[in-house]
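Take a look at the structure set out below.
If you want it as structure tokens, here you go:
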């Protein structure tokens, strides 16, 4: 399942699962991630600091004073993933308000996609999305795949500040800005729901790799009065 | 007995709490953080008899001016730092790094500046009265994680100290010289072959200069353009401290302790672990050159570096 294992610098292992982005390849990445996470949690492996799954790669960073590239690589090569692995994935419903106040890029999207705002939203809300990975900043989910008709490039010049809660589109993906941060995705709305909650120490990220997300539209009033 | 604390009379440029960092959270987008210069952080703890992973104050360029309230503490500063101890009668004692001092109630530590480096560390015996978040004291100001609501310290805030009264501590001191050599050793990155033959030659032979766009997240370099012949974007994937990315503009960026956990720019190289402390200390305007080493050499260099650190730590026993 892993196409190639190499070193990323002197303190990380780079596992390459392929070039394409699809649920099958990402599922393989997540199976390895879960397997290794369990080894780490049960203290059956020493020296791993972090495991970072992404669309089609898994990076295992380690403490060079404790272990080595060779040892970690050897462990990974000997992992046998069972085909019928059970994955505990959640289905999460996320409210979005798409009023122009929050949906900052409908003008651009309409022009580029040749679709009205109504049409874009109809296509967007019709589908359930798969979370490929979480990261860049705390708790940010990368969801896909968008219907081909609503795929659009990133903004030519990224915003310095994208408001917290903004929902963005780029190419086949959708994301949610969990913190105010710079960013170049096309913003279609805002969720009042906390996607990253640091007070929830056990599980601060609401949406993680493998989860499924269904968005639903709410009014501005509902957005303002949202109560979890 | 009242609480012992530092009152911040001047905040400094970027005053935070750091330790060895926060692990096992990359997969939900929480980066490692931690002291930018791990050796100086550990040495700071050792000088005051602390556990090596105790929380310390990290400051950058100009540090804070701190007044001690209620108590008597044992503290030390590491790095290349110009600082004074201001006595109650306003008498000024010039401070020396890598040795401990007793500070009495009402006395002040004035951390004036770093010398040709970026970061310095202030440790107190017993550590600071703070809560760990996800097993670490490190403040991540981008995600607002860690003590002080994840924010850098500002004027008039207080930093509480655990041990309120120190008996006369044993004087400890080492002679330590920070390295100022400007060769940054790297291992070729996973996208090395995205770059043209010319770009590869340039990367390893020409000088790059540290720009003003440097913070705890990363360091942007300026220098000759690096031509990408494959793709200036990759499918976003995991990152680690030390990765050197080259976006479409063709100028390298070195990722530091508060880097984003995933990113989509090609990786031309990765700084070896032995050189991470040195790189974090580079200041804007400094010219650097990259030198390639292989994995075996990198591990050997790291082991030498660790041994050297341990030697200094032993000297402080």
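Protein chains in written order, with my numbering: chain A, 14 to 241; chain B, 27 to 343.
All C-beta atoms, glycine included, are put in the ideal place defined by N, C-alpha and C.
Owing to the predicted nature of the structure, the values given are computational and were not obtained by experimental measurement.
Does any C-beta atom of chain B lie closer than 8 angstroms to the C-beta of residue 23 of chain A?
As a first step, residue 23 of chain A must be located in the first chain, where it is residue number 10. Among the residues facing chain B, residue 23 of chain A is included, as its CB has a counterpart in that chain under 8 angstroms away.
Please state whether DSSP places residue 64 of chain B in a helix, a strand or coil.
Counted from its first residue, the second chain places residue 64 of chain B at position 38. The answer is helix: DSSP assigns residue 64 of chain B an H, G or I state.
Which listed residue (B/104, B/158, B/92, B/122) has its alpha carbon closest to that of residue 131 of chain B
Mapped onto the second chain, residue 131 of chain B falls at position 105. Nearest of B/104, B/158, B/92, B/122 to residue 131 of chain B, Cα basis: B/92.
Segment limits, alpha helix (DSSP H) that includes residue 121 of chain A:
Locating residue 121 of chain A in the first chain gives position 108, where the first residue counts as 1. Here the alpha helix (DSSP H) through residue 121 of chain A covers 119-126.
Assuming residue 54 of chain A is part of the alpha helix (DSSP H), what are its boundary residues?
Residue 54 of chain A sits at position 41 when you count from the first residue of the first chain. Unbroken alpha helix (DSSP H) run through residue 54 of chain A: 36-54.
Looking only at its own chain, which residues have a Cβ that is under 6 angstroms from the Cβ of residue 66 of chain B, when we skip the five neighbours before and after it?
Counted from its first residue, the second chain places residue 66 of chain B at position 40. Once the five neighbours on either side are set aside, the close Cβ partners of residue 66 of chain B are 104, 105, 147.
Other residues of its chain near residue 183 of chain B: CB distance less than 6 angstroms, five sequence neighbours each side excluded
Taking the second chain and counting its residues from 1, one reaches residue 183 of chain B at position 157. Within the same chain, residue 183 of chain B has close Cβ partners 34.
Test item: CB-CB of residue 64 of chain A and residue 49 of chain A under 8 angstroms
Translated into positions along the first chain, residue 64 of chain A becomes position 51. Translated into positions along the first chain, residue 49 of chain A becomes position 36. A contact, by the Cβ cut-off of 8 angstroms.
For residue 215 of chain B, count neighbouring C-beta atoms within 10 Å of its own C-beta (all shown protein chains included) and say buried if the count is 16 or more, exposed if not.
Taking the first residue of the second chain as 1, we reach residue 215 of chain B at position 189. Label assigned to residue 215 of chain B: buried.
With a threshold of 8 angstroms between beta carbons, is residue 263 of chain B in contact with chain A?
For the purposes of this step, residue 263 of chain B is taken as the residue at position 237 of the second chain. Output row for residue 263 of chain B: interface = yes.
Contacting residues, own chain, Cβ-Cβ under 6 angstroms from residue 259 of chain B (five flanking each side not counted):
Mapped onto the second chain, residue 259 of chain B falls at position 233. Excluding positions up to five away in sequence, the list reads 290.
By Cβ distance, which residues of its chain are closer than 6 angstroms to residue 227 of chain A, with the 5 residues on each side in sequence left out?
Here the question's residue 227 of chain A lines up with position 214 in the first chain. If we look at residue 227 of chain A and ignore the five residues flanking it on each side, its Cβ neighbours are 106, 141.
Counting only the same chain and skipping the five closest in sequence on each side, list residues whose C-beta sits under 8 angstroms from that of residue 64 of chain B.
Residue mapping note: residue 64 of chain B aligns to position 38 of the second chain, counting from 1. So the qualifying residues of the chain are 46, 302, 303.
State the DSSP-derived secondary structure class of residue 295 of chain B, mapped to helix, strand or coil.
Translated into positions along the second chain, residue 295 of chain B becomes position 269. Of the three classes helix, strand and coil, the one that applies to residue 295 of chain B here is strand, per DSSP.
How many angstroms separate the CA atom of residue 334 of chain B from the CA atom of residue 203 of chain B?
Reading the second chain from its first residue, position 308 is the one you call residue 334 of chain B. Reading the second chain from its first residue, position 177 is the one you call residue 203 of chain B. Roughly 12 angstroms between the two C-alpha positions.
Does the distance from the CB of residue 42 of chain A to the CB of residue 69 of chain A come in under 8 angstroms?
Locating residue 42 of chain A in the first chain gives position 29, where the first residue counts as 1. Locating residue 69 of chain A in the first chain gives position 56, where the first residue counts as 1. In contact: residue 42 of chain A and residue 69 of chain A (Cβ atoms closer than 8 angstroms).
Using 8 angstroms as the threshold, is the C-beta distance between residue 62 of chain A and residue 74 of chain A below it?
Position 49 of the first chain, counted from the start, is the residue given in the question as residue 62 of chain A. Position 61 of the first chain, counted from the start, is the residue given in the question as residue 74 of chain A. For residue 62 of chain A and residue 74 of chain A, yes; Cβs fall inside 8 angstroms.
DSSP three-state call for residue 237 of chain A: helix, strand or coil?
Stepping through the first chain from its first residue, residue 237 of chain A is reached at position 224. Three-state result, residue 237 of chain A: helix.
Counting contacts by CB-CB distance shorter than 8 angstroms, is residue 190 of chain A in contact with chain B?
Stepping through the first chain from its first residue, residue 190 of chain A is reached at position 177. At a cut-off of 8 angstroms between C-beta atoms, residue 190 of chain A does not count as an interface residue with respect to chain B.
Anything in the stretch 266-287 of chain B with a Cβ closer than 9 angstroms to a Cβ of chain A? List those residues in chain order, please.
266, 267, 268, 269, 286, 287
Does the distance from the C-beta atom of residue 212 of chain A to that of residue 110 of chain A stay below 8 angstroms?
Against the first chain, residue 212 of chain A aligns to sequence position 199. Against the first chain, residue 110 of chain A aligns to sequence position 97. No, the pair does not count as a contact, with Cβ atoms beyond the cut-off.
With a CB to CB cut of under 7 angstroms and the five nearest residues on each side skipped, what residues in its chain are close to residue 66 of chain A?
Here residue 66 of chain A refers to the residue found at position 53 of the first chain. 42, 43, 46, 146, 222, listed in sequence order.
Do you know offhand how far residue 140 of chain B's Cα is from residue 104 of chain A's?
Here the question's residue 140 of chain B lines up with position 114 in the second chain. Here the question's residue 104 of chain A lines up with position 91 in the first chain. Cα-Cα distance, rounded: 51 angstroms.
If we define contact as Cβ-Cβ less than 8 angstroms, is residue 78 of chain A a contact residue for chain B?
By one-based count along the first chain, residue 78 of chain A stands at place 65. Chain B contact via Cβ: present.
Residue 82 of chain A touches chain B at which residues, Cβ-Cβ below 9 angstroms?
Looking up residue 82 of chain A in the first chain gives position 69. Within chain B, 321, 325 have C-beta atoms less than 9 angstroms from the C-beta of residue 82 of chain A, given in sequence order.
Does the beta carbon of residue 332 of chain B sit closer than 8 angstroms to a beta carbon anywhere in chain D?
In summary, chain D is missing from the structure at hand, where the protein chains are A and B.
Using 8 angstroms as the limit for Cβ to Cβ distance, is residue 217 of chain A near chain B?
Residue numbering aside, residue 217 of chain A sits at position 204 when the first chain is read from its first letter. Residue 217 of chain A counts as touching chain B.
With the cut-off set at 8 angstroms, would you say residue 186 of chain B and residue 154 of chain B are in Cβ contact?
In the second chain, counting from the first residue as 1, residue 186 of chain B sits at position 160. In the second chain, counting from the first residue as 1, residue 154 of chain B sits at position 128. Going by C-beta atoms, residue 186 of chain B is nearer than 8 angstroms to residue 154 of chain B.
Residue 85 of chain A versus A/23, A/162, A/176, A/190, residue with shortest Cα-Cα distance
Locating residue 85 of chain A in the first chain gives position 72, where the first residue counts as 1. Residue A/23 is the option with its Cα nearest to residue 85 of chain A.
Judging by CA-CA distance, which residue of B/164, B/190, B/126, B/152 is the nearest neighbour of residue 29 of chain B?
On the second chain, position 3 is the one that residue 29 of chain B refers to. The shortest CA-to-CA distance from residue 29 of chain B to any of B/164, B/190, B/126, B/152 is the one to B/190.
Could you list which residues in chain B have their beta carbon closer than 9 angstroms to that of residue 65 of chain A, in chain order?
Residue numbering aside, residue 65 of chain A sits at position 52 when the first chain is read from its first letter. By Cβ distance, chain B contributes 52, 53, 263, 264, 265, 266, 287, 288.
Below 8 angstroms CB to CB, which residues in the same chain sit around residue 213 of chain B once its five sequence neighbours on both sides are set aside?
What you label residue 213 of chain B is simply residue 187 of the second chain in a count that begins at 1. 295, 296, 298, 318, 319, 320, 321, 324, listed in sequence order.
Taking Cβ-Cβ distances shorter than 7 angstroms, what residues in chain B pair up with residue 27 of chain A?
As a first step, residue 27 of chain A must be located in the first chain, where it is residue number 14. Correct list: 216.
Let me know if residue 271 of chain B comes out buried or exposed under the rule of 16 or more other beta-carbons within 10 Å of its beta-carbon.
By one-based count along the second chain, residue 271 of chain B stands at place 245. Burial call: buried.
Tell me whether residue 267 of chain B is buried or exposed, calling it buried when 16 or more other Cβ atoms sit within 10 Å of its Cβ.
Numbered from 1 along the second chain, position 241 holds the residue referred to as residue 267 of chain B. Under this definition residue 267 of chain B is a buried residue.
CB contact check: residue 296 of chain B to chain A, cutoff 8 angstroms
Here residue 296 of chain B is taken as the residue at index 270 of the second chain, counted from 1. Closer than 8 angstroms to some Cβ of chain A, the Cβ of residue 296 of chain B qualifies, so yes.
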